[in-house]
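If you're matching them up, the sequences are chains A and B in order. Here the numbering used here is used: the first residue of the first sequence is 1, the next is one more, and so on. Here the numbering used here is used: the first residue of the second sequence is 193, the next is one more, and so on. All residues carry an ideal CB built from backbone N, CA and C; glycine is no exception. For clarity, every value in this text was computed on a predicted model and none was experimentally measured. What follows is a single structure, written as structure tokens, with notes after it.
Number of protein chains: 2
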Amino acid sequence: MTDPTTQAILDATRSSVLDFGVRRTTLTDIARRAGVSRMTVYRRYPDVDAVLRELMTREFGATLEATAAAAQDAGTDGRSRLSRQVVSGLRELRDHPLLRKVVDAEPELLLPYVLGHLGASQRHALTLLSAAVAAGQDDGSVRAGDPDLIARGLLLVAQSFLFSAGTADAIPTAVLDAELARYVDAALAPDR
Amino acid sequence: MTDPTTQAILDATRSSVLDFGVRRTTLTDIARRAGVSRMTVYRRYPDVDAVLRELMTREFGATLEATAAAAQDAGTDGRSRLSRQVVSGLRELRDHPLLRKVVDAEPELLLPYVLGHLGASQRHALTLLSAAVAAGQDDGSVRAGDPDLIARGLLLVAQSFLFSAGTADAIPTAVLDAELARYVDAALAPDR
């Protein structure tokens, strides 16, 4: 991932997607923008879909890791850190230029992921959420239960708030975010 | 809605959709199955899309009304009735033949609704949920707040569990349903 040519290829792919969208991004355009030959790209990736997948995994992964890390410095216990992590992750992804581009221009590409197929970024999110759930269970602020199952519930809920934002609907995002925070916190609290 | 010819047209549409899917259902086939002329259909509906929309609104509406009514006899307070209503509504819709057909064969038709455009059935669900929230607030079992906003959160959460079921995923539906029930109940409880 630190190989500068690979970085240049992924950066070129990003700018091509932002200009043209996912479907119209070509390997030729990627190579041109990266200043490398098509063969150089093909030595790293079998096809343009593989480049696109790695770009999304890199970009959304960075956002997920950054919000998980930032949440470590916030909140007084595992549950409040997790709640912060989910809501700020949602906000960052909602504003992410690549995800915005897909939602606005090619939403049909999201369908498999919404209908339950887990992509690499969703599996990444589940891993981070599951670890945060376990940490909250360790300090007693999160209810008992299989961390993977609890993480899956969090992902389902957060995704729904993510994809249904940005509509012509009357409810402001900040209000919906507060509602999501409430769901997360309440659903994670230990039994009374 | 009680006019027998309209009922026959909608029933014919239902069986055509179950056989052919939404996109391949034609007004000619609907008329043939209903035993009426195309003109009879056109006197009631401008086009096949209008028939399809009314069918979905009728079918999903009946499911929503039935689960809301059944929930009235269950639970000890407004919150437990509402929780029952959401989870059994989810189960009924997940097993609904028309929705199954769309999810399995033409999931792209769901996309606008998943991405936040509210269809007639979703607005119907919101109306029922909002009334149930208000009833729960009246008996003190549901937290204070705008019932429409709370209903919107419930819809987002329930939809996510609905559309992400039926995947090749390892989590059994009953376990996810229990998780949803937990979210609903916890997120509706009054502040401690």
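Short check: CB of residue i to CB of residue j, under 9 Å?
{"i": "A/Leu27", "j": "A/Leu128", "result": "no"}
{"i": "A/Val157", "j": "A/Pro147", "result": "no"}
{"i": "A/Tyr183", "j": "B/Ala378", "result": "yes"}
{"i": "B/Gln329", "j": "B/Gly270", "result": "yes"}
{"i": "B/Ser352", "j": "A/Gln159", "result": "yes"}
{"i": "B/Thr217", "j": "B/Ser229", "result": "no"}
{"i": "B/Arg303", "j": "B/Val295", "result": "A small fix is needed here, since residue 303 of chain B is Leu in this sequence, not Arg. Cβ distance not < 9 Å, so B/Leu303 and B/Val295 don't count as in contact."}
{"i": "A/Ala131", "j": "A/Glu92", "result": "no"}
{"i": "B/Thr197", "j": "B/Ala242", "result": "no"}
{"i": "B/Leu413", "j": "B/Ile342", "result": "Outside the displayed span of chain B (193 to 384) sits residue 413 of chain B, for which this structure offers no information."}
{"i": "B/Leu307", "j": "A/Phe60", "result": "no"}
{"i": "A/Ala135", "j": "A/Arg58", "result": "no"}
Classify residue i: buried if its beta carbon has 16 or more other beta carbons within 10 angstroms, exposed otherwise.
{"i": "B/Arg206", "result": "buried"}
{"i": "A/Leu18", "result": "exposed"}
{"i": "B/Ser313", "result": "buried"}
{"i": "A/Arg43", "result": "exposed"}
{"i": "A/Ala62", "result": "exposed"}
{"i": "B/Ala362", "result": "exposed"}
{"i": "B/Ala336", "result": "exposed"}
{"i": "B/Arg215", "result": "exposed"}
{"i": "A/Ala68", "result": "buried"}
{"i": "A/Ala174", "result": "exposed"}
Work out the CA separation of residue j and residue i for me, nearest whole Å.
{"i": "B/Pro299", "j": "B/Met248", "result": "15 Å"}
{"i": "A/Ala181", "j": "B/Ala263", "result": "27 Å"}
{"i": "B/Asp195", "j": "B/His288", "result": "24 Å"}
{"i": "B/Ile201", "j": "B/Asp331", "result": "43 Å"}
{"i": "A/His124", "j": "A/Pro172", "result": "28 Å"}
{"i": "B/Ala360", "j": "B/Thr232", "result": "Here the model assigns B/Ala360 a pLDDT of 44, short of 50, so the residue's position is not dependable and the matter cannot be decided."}
{"i": "B/Ser333", "j": "B/Gly345", "result": "17 Å"}
{"i": "A/Leu155", "j": "A/Ile30", "result": "32 Å"}
{"i": "B/Lys293", "j": "A/Arg100", "result": "30 Å"}
{"i": "B/Arg224", "j": "B/Val240", "result": "14 Å"}
{"i": "B/Ala204", "j": "B/Arg245", "result": "14 Å"}
{"i": "A/Asp73", "j": "B/Phe212", "result": "55 Å"}
{"i": "A/Tyr113", "j": "A/Val87", "result": "20 Å"}
{"i": "B/His309", "j": "A/Tyr45", "result": "37 Å"}
Start and end of the alpha helix (DSSP H) containing residue i?
{"i": "A/Glu106", "result": "Where A/Glu106 is concerned, there is no enclosing alpha helix (DSSP H), given that its DSSP letter is neither H nor E."}
{"i": "A/Gly119", "result": "Counting along the chain, A/Gly119 falls outside any alpha helix (DSSP H), and DSSP gives it neither H nor E."}
{"i": "A/Arg32", "result": "27-34"}
{"i": "A/Ala71", "result": "48-71"}
{"i": "B/Pro339", "result": "339-355"}
{"i": "B/Ile201", "result": "196-212"}
{"i": "B/Asp369", "result": "365-380"}
{"i": "B/Arg276", "result": "270-286"}
{"i": "A/Arg44", "result": "38-44"}
Taking 9 Å as the threshold (beta carbon to beta carbon), is residue i in contact with chain A?
{"i": "B/Ser189", "result": "Within the shown structure, residues of chain B are numbered from 193 to 384, placing residue 189 of chain B beyond reach of any answer."}
{"i": "B/Asp307", "result": "Checking the sequence shown, residue 307 of chain B turns out to be Leu, not Asp. Yes, its Cβ sits closer than 9 Å to a Cβ of chain A."}
{"i": "B/Val367", "result": "yes"}
{"i": "B/Ser356", "result": "yes"}
{"i": "B/Val295", "result": "yes"}
{"i": "B/Arg216", "result": "no"}
{"i": "B/Pro299", "result": "yes"}
Could you tell me whether the Cβ of residue i comes closer than 9 Å to any Cβ of chain B?
{"i": "A/Phe60", "result": "no"}
{"i": "A/Gln159", "result": "yes"}
{"i": "A/Glu65", "result": "no"}
Less than 8 Å between the CB of residue i and some heavy atom of the ligand MN, yes or no?
{"i": "B/Asp241", "result": "No copy of the ligand MN appears in this structure; indeed no ligand is present at all."}
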